[in-house]
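Colleague:
Numbering (the UniProt record's numbering), first residue to last: 1 to 473.
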């Protein structure tokens, strides 16, 4: 079965067969078409419609397209990186010179998409063997990130159509157990222009940050195969599962519900100067033009993903991941896009997903399943407590806040029992590293030759000893 679907190159690296890749691609195409149909039935633009505009019209959300290109460049064979990057830059310049000539503002996206599609066509036409396979997989990952971004855009609009009423009053009351951090941090950020500028860039370029961590993990994937676990898996899974929660727990965020982000839409325009006055919390109608994309905070979930995967790399990736997590948390709260409970839920969400994905060589043990169940229960308990015990949480003071923080710490500790598990011995019988590069492969070949020579020498000695014994007799 393994030879049919995948080839395990070592304890940490795996290579899917062509049949498995075809199955994955077919599933993703079917999923995108399904979302397109659902969008059309709801009189909305679907992901395919948006992607066509990105290709030949005026693209939007250029940051995720830059991230997709960077991811593809990291994963493709090294000799193709500079030509592909040059083609993308050249095409972007041509498109934007034309825009400037007619008086339109420049943007990013057309050149990147044409460069990726052209690279895939070139790989199918001119390349062969492992180089062709590596190039197609690299382009596929880059395009997958871009396509899933457009699917996510449709999900956000559908969440607002499906839930006219939102739970912001419940979340705001429950958030008081933590000291209403959004109001406190929002006051600081709004009064500090340079901090606002830094945090806004961190918030917007989060996909690019994920591509930076992917560089440390996947830069040798064209040669050595993909690691069995890497940031792209978790990043995409967060984007696939997270938006489903928006339909179950619709929240728009403090700057929308209690601020002036959307003129005339809020119930009380008090963020971030003072807390709103709330009696008995209830689910209230809110403008359907705003996505219900707060619970959990997926920006925090993705930033936590960047932090966890960055921590597995060298010192520079550790520092980068920690910086991005701190700044993203500051941005989500400081701009009033999320409540603190959304942020805690996002952290628990990622830790639970990572508990299922990390250290695949350990297998699906009872311990792993128990950790996943614990994380899922903690996440569900946080949402249910916020919805049905908001008043009690608000009145609990520091006790409620400590209980919320302790829940996140407990899930983190449970995750570490898998992440830090000593595991099975992944060192092969020859004692050389499980993930050899060029030097490692040469060392392994020399070791094998040495063993062969030693065996031949031993056999020769044995023959001579036997011959000497026979002559004495």
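Virtual Cβ for every residue (Gly too), placed ideally from N, Cα, C.
1. Could you tell me the alpha carbon to alpha carbon distance between residue 20 and residue 120, rounded to whole angstroms?
2. Which of the three DSSP states, helix, strand or coil, is assigned to residue 166?
3. Let's see if you can read the secondary structure: which residues bound the alpha helix (DSSP H) around residue 361?
4. Three-state secondary structure (DSSP) at residue 284?
5. Kindly indicate the opening and closing residues of the alpha helix (DSSP H) around residue 186.
6. Can you find the residues in the same chain that come closer than 7 Å, C-beta to C-beta, to residue 408, ignoring five residues on each side of it along the sequence?
7. Mind the definition here: the segment 325-333 touches the segment 384-395 only if three or more C-beta pairs lie below 8 Å; say whether that holds.
8. Please check the pair residue 283 and residue 189, which I expect to be a contact at CB under 8 Å, by giving their CB distance rounded to whole angstroms.
9. When the Cα of residue 245 is compared with those of 43, 402, 94 and 383, which residue comes out closest?
10. Determine the contact status of residue 154 and residue 51, defining contact as a CB-CB distance below 9 Å.
11. Can you name, in chain order, every residue of its own chain whose Cβ lies under 8 Å from the Cβ of residue 173, other than the five neighbours on each side?
12. Quick test of your reading: residue 48 and residue 32, contact by CB under 8 Å. State the CB separation rounded to the nearest angstrom.
13. For residue 19, which of helix, strand or coil comes out of DSSP?
14. At what residues does the alpha helix (DSSP H) containing residue 398 begin and finish?
15. Identify, in the order they occur along the chain, each residue of the same chain with its Cβ nearer than 7 Å to the Cβ of residue 176, setting aside the five sequence neighbours on each side.
16. In angstroms with no decimal places, state the Cα-to-Cα distance between residue 184 and residue 272.
17. Can you tell me whether residue 258 is helix, strand or coil according to DSSP?
18. Can you check which of these residues, 56, 335, 78 and 144, is closest to residue 130 by C-alpha distance?
19. Of the residues 312, 385, 287 and 341, which one's Cα is nearest the Cα of residue 301?
20. Please state whether the Cβ-Cβ distance between residue 210 and residue 71 is less than 9 Å.
21. Return yes when the Cβ of residue 116 is within less than 9 Å of the Cβ of residue 86, no when it is not.
Modeller: According to the data block:
1. If I take the Cα positions, the gap works out to 19 Å.
2. In the three-state scheme derived from DSSP, where H, G and I count as helix and E and B as strand, residue 166 is classed as strand.
3. Careful: residue 361 lies outside any alpha helix (DSSP H) and carries neither H nor E.
4. For residue 284, the three-state secondary structure derived from DSSP is strand.
5. According to the DSSP assignment, residue 186 belongs to the alpha helix (DSSP H) that extends over 181-190.
6. If we look at residue 408 and ignore the five residues flanking it on each side, its Cβ neighbours are 344, 347 and 348.
7. Fewer than three beta-carbon pairs drawn from the segment 325-333 and the segment 384-395 are found closer than 8 Å, and the two stretches are therefore not classed as touching.
8. So it is not a contact: roughly 29 Å between Cβ atoms.
9. Comparing Cα positions, the closest option is 383.
10. Against a cut-off of 9 Å, the Cβ pair of residue 51 and residue 154 comes out as no contact.
11. Closer than 8 Å at the Cβ level, and outside the excluded window around residue 173, lie 278, 281, 390, 391, 393 and 394.
12. In this structure residue 48 is in contact with residue 32, their Cβ atoms being roughly 7 Å apart against a cut-off of 8 Å.
13. In this structure, residue 19 counts as helix in the three-state DSSP scheme.
14. Looking at the DSSP string, the run of the alpha helix (DSSP H) that includes residue 398 is 398-419.
15. In the same chain as residue 176, and ignoring 5 residues on each side of it, the C-beta atoms closer than 7 Å to its own belong to 394, in chain order.
16. So the alpha carbons of these two residues sit roughly 7 Å apart.
17. In the three-state DSSP reduction, residue 258 falls in the coil class, being neither helix nor strand.
18. Ranked by how close their Cα comes to the Cα of residue 130, the residues 56, 335, 78 and 144 have 78 in first place.
19. Cα-wise, what sits closest to residue 301 is 341.
20. In contact: residue 210 and residue 71 (Cβ atoms closer than 9 Å).
21. The answer is no: Cβ separation not under 9 Å.
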